[in-house]
Structures are given as C-alpha cells and as structure tokens.
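Numbering (the working numbering), first residue to last: 1456 to 1642.
Comments concern the structure below.
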C-alpha cells in the first residue's frame, strides 16, 4: 500500500484484529503504525519490524512479505528495511482489514470482531495521513516484482486476492465508494 504520514502515534492499517501479544496468541494479526518517533512499525504478536529512521513527509510504498518458511520482510519504497526470522505466523484466512485506527478489545478472550456477540471493541491511534492502493497477494512476491508493480494500476495479476484502489468518485470528491474493494479468487 501507499501512505503519507500525518503524525506520530498513529495506526495506519490492521489485519485480523489486535496484534498485542496477549490477544494475538496465534500470531496471525498485523498492525502497521507510526510510533512516537515517526518510525513505521509492523507488529505481529511478539514480533516487531520497523524502519531505522523516521518517515519523511512524503508518499511511501509499504510492503510486508511473509514467506512460506514463516520469515517476513518489511519493504519501504522498494528497499528491505527489516526482516524477521522464521516463525509460525498463522494464517491470514479469513482476511479482515481495517484502516485508520488501531482495533483492540479489553478482554482478549472475547475477541471475535462481532459486536453483536458482546465484544467490547475499541479504537485508538487515529490515522490523520493519507492512504492509497491497498493490495493483498496470496503468494510471497520477490523484491523485483514489488519494485515493478508498486507504481502500476495492478489489475488482473495472478495471485492478487484483494485490491482497494481508493480512487475519487467524481470532480472534487476525495471520498471513496465502499464498492471499491475488489476481491479476486480466494487462496
């Protein structure tokens, strides 16, 4: 995905719920945040990847690649900035993505994401920056492929399972339509 930071201590994107170690015991949740010093951090259970430097006030391409052996790489603007050793990072099925804040539950034993089931979900760390072009692939893309595809429109590629282009709907309209999240074939 592409993002432009808005401030510090902000959550950009979450996958499958809270990535807090006491909640994410299966290590299948991911949280993309900007910490207090302006670094991009990506957390999963007990793993944390981060950039060495604070992000600049510019658009950045962010990619997280999980390999079959469980290792992960964090790429920023086409460069590998951090990596994690092989771990059992669980599965991303089902895939639940939320944007613009960090999702959490006060009671980690009661976290299904279904508020009608009694979950007391809360959100914090609102994102004030800009976000564009979210893509989810069913395979680990090599760095050269990430570099080739990070600036294109990405329609019709093999292994692309979700795509949210966030295009404006009309003249002067910065909003997006809910129908702009495209789901392709599932894993």
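Every residue gets a Cβ at the ideal spot worked out from N, C-alpha and C, and that includes glycine.
Buried versus exposed, by CB contacts within 10 Å (16 or more), residue i
| i | result |
| --- | --- |
| residue 1462 | exposed |
| residue 1486 | buried |
Local conformation of residue i per DSSP, three classes
| i | result |
| --- | --- |
| residue 1535 | strand |
| residue 1602 | helix |
| residue 1512 | coil |
| residue 1502 | strand |
| residue 1487 | strand |
| residue 1522 | coil |
| residue 1493 | coil |
| residue 1465 | strand |
Closest by C-alpha distance to residue i, when choosing among the options
| i | options | result |
| --- | --- | --- |
| residue 1525 | 1541, 1488 and 1617 | 1541 |
| residue 1446 | 1502, 1597, 1622 and 1523 | Missing from the structure shown is residue 1446; the chain here goes from 1456 to 1642 and no further. |
| residue 1494 | 1508, 1528 and 1504 | 1508 |
| residue 1488 | 1521, 1523, 1529 and 1522 | 1529 |
| residue 1592 | 1584, 1586 and 1601 | 1601 |
| residue 1554 | 1464, 1457 and 1468 | 1468 |
| residue 1519 | 1620, 1598, 1511 and 1614 | 1598 |
| residue 1619 | 1590, 1535 and 1498 | 1590 |
| residue 1579 | 1492, 1485, 1465 and 1457 | 1465 |
Integer Cβ distance of residue i from residue j, believed to fall under 8 Å
| i | j | result |
| --- | --- | --- |
| residue 1505 | residue 1537 | 6 Å |
| residue 1595 | residue 1521 | 6 Å |
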